[in-house]
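Under numbering that gives the first Met the number 0, the sequence shown has 210 at position 211, and the numbering climbs by one with no breaks.
Note that CB positions come from ideal geometry on N, CA and C, so glycine has one too.
For clarity, every value in this text was computed on a predicted model and none was experimentally measured.
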Amino acid sequence: MELINAFNAPIYQFDIIDSTNRFAKNLCKNNPQNGTIIISNEQSNGRGRLGNTWESCKDKGLYYSIILKIPDKNIKCELLTLYICLGITELLSDYSIECKIKWPNDILINNKKVCGILSEFISNDNGVFIVVGIGVNLYHSLNDFKDELKDKATSISLNTNSTIIKNFFINSLTSYLFDYYNYFLQDNFEKFIDIYKNKSSLLGKEISIYLNGEFICGIVNGFDDNGCLLLDIGNKVIPINSGEVTLKDTYKK
Ligand code: BTN
Numbered sequence: 000m001e002l003i004n005a006f007n008a009p010i011y012q013f014d015i016i017d018s019t020n021r022f023a024k025n026l027c028k029n030n031p032q033n034g035t036i037i038i039s040n041e042q043s044n045g046r047g048r049l050g051n052t053w054e055s056c057k058d059k060g061l062y063y064s065i066i067l068k069i070p071d072k073n074i075k076c077e078l079l080t081l082y083i084c085l086g087i088t089e090l091l092s093d094y095s096i097e098c099k100i101k102w103p104n105d106i107l108i109n110n111k112k113v114c115g116i117l118s119e120f121i122s123n124d125n126g127v128f129i130v131v132g133i134g135v136n137l138y139h140s141l142n143d144f145k146d147e148l149k150d151k152a153t154s155i156s157l158n159t160n161s162t163i164i165k166n167f168f169i170n171s172l173t174s175y176l177f178d179y180y181n182y183f184l185q186d187n188f189e190k191f192i193d194i195y196k197n198k199s200s201l202l203g204k205e206i207s208i209y210l211n212g213e214f215i216c217g218i219v220n221g222f223d224d225n226g227c228l229l230l231d232i233g234n235k236v237i238p239i240n241s242g243e244v245t246l247k248d249t250y251k252k
């Protein structure tokens, strides 16, 4: 099946590359077309959030980056990842998969991670871009995950009876991203907050969040129209705009 880009922009395909995000960021120097996509069958240096690596073994996962232009300085860039997550939940529901969003950038199936997103902000003479890197575990069996990931990670094929045709999956992903990028440009997250809450794996849960060198504990109360997580810490509710969330059940162990 042929790859089609709903943004009508180029698609760069590699058999192996260090990181599709690194390549995409480099392309931003040459004013790439909005919606330019970079895909590789394997990554030798796949990168995750907070300096983590992203396991990117050959043909098992999808390693995909897309370059999205930010046309307006006033737009809230932090919201883009939240919209992207909503698009991905729709994509997975086409495979009859019920998934949840772990704010800000993970997609979980039964509390196991199936997809991670790394959004990187670039500003240069050509304007402002966000490189959205998406890693999806597609064809992994349990044995394909390292021991330490076996109870934390899952794949699409472990959770669906549908056949996964990689290029079909990529084309659907791009067309959902096209839709959600356009919602993002409309700058009206308020309209999506209830949908987002409904898809959240964290709402009502007791969590700990690592922020500026300290752990803050509280109960997730909701999300605001800046894309912040609202944390009830007992005497007040505070907005959190980034950080690594751990569920209380997990940190108790
Ligand atoms: C995370 O969960 O920490 C984010 C993982 C993002 C991985 C993807 S794979 C394609 C793109 N290229 C990279 O080097 N990283 C992202």
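Span separating the alpha-carbon of residue i from that of residue j
{"i": "F6", "j": "Y63", "result": "15 Å"}
{"i": "G221", "j": "V236", "result": "10 Å"}
{"i": "I96", "j": "I133", "result": "18 Å"}
{"i": "K252", "j": "C216", "result": "Reliability fails at K252, whose pLDDT of 39 lies under 50, so the model's placement of it is uncertain and no value is given."}
{"i": "I192", "j": "L107", "result": "19 Å"}
{"i": "E1", "j": "N25", "result": "26 Å"}
{"i": "F183", "j": "Y82", "result": "7 Å"}
{"i": "I15", "j": "L229", "result": "40 Å"}
Cβ-heavy atom distance, residue i to the ligand BTN, below 8 Å
{"i": "S55", "result": "yes"}
{"i": "I116", "result": "yes"}
{"i": "N44", "result": "yes"}
{"i": "L137", "result": "no"}
{"i": "G203", "result": "no"}
{"i": "N20", "result": "yes"}
{"i": "G134", "result": "yes"}
{"i": "D105", "result": "yes"}
{"i": "I49", "result": "According to the sequence displayed, residue 49 carries Leu and not Ile. Flag set: Cβ of L49 near the ligand BTN."}
{"i": "Y195", "result": "no"}
{"i": "Y63", "result": "yes"}
{"i": "K59", "result": "no"}
{"i": "K165", "result": "no"}
Best match in the options for proximity to residue i [C-alpha to C-alpha]
{"i": "P31", "options": "G226, V130, T80, E119", "result": "V130"}
{"i": "N110", "options": "I38, L230, K204", "result": "K204"}
Below-9 Å beta-carbon distance, residue i vs any chain B residue
{"i": "G115", "result": "In the structure shown, chain B cannot be found, because there is only a single protein chain."}
Bridge partners - residue i, DSSP secondary structure assignment
{"i": "S207", "result": "C216, T245"}
Quiz item: Is the segment 97 to 114 close to the segment 14 to 22, with three or more CB pairs under 8 Å?
Solution: no
Practice problem: Decide if the segment 236 to 247 is in contact with the segment 204 to 218; the criterion is three or more beta carbon pairs, one per stretch, under 8 Å apart. | Solution: yes
Exercise. Take every Cβ of the segment 117 to 126, pair it with every Cβ of the segment 140 to 152, and state whether three or more of those distances are shorter than 8 Å.
Key: no
Quiz item: Between the segment 76 to 85 and the segment 54 to 63, are three or more C-beta pairs nearer than 8 Å?
Solution: no
Quiz item: Can you find at least 3 beta carbon pairs, one from the segment 169 to 187 and one from the segment 84 to 102, that sit closer than 8 Å?
Solution: yes
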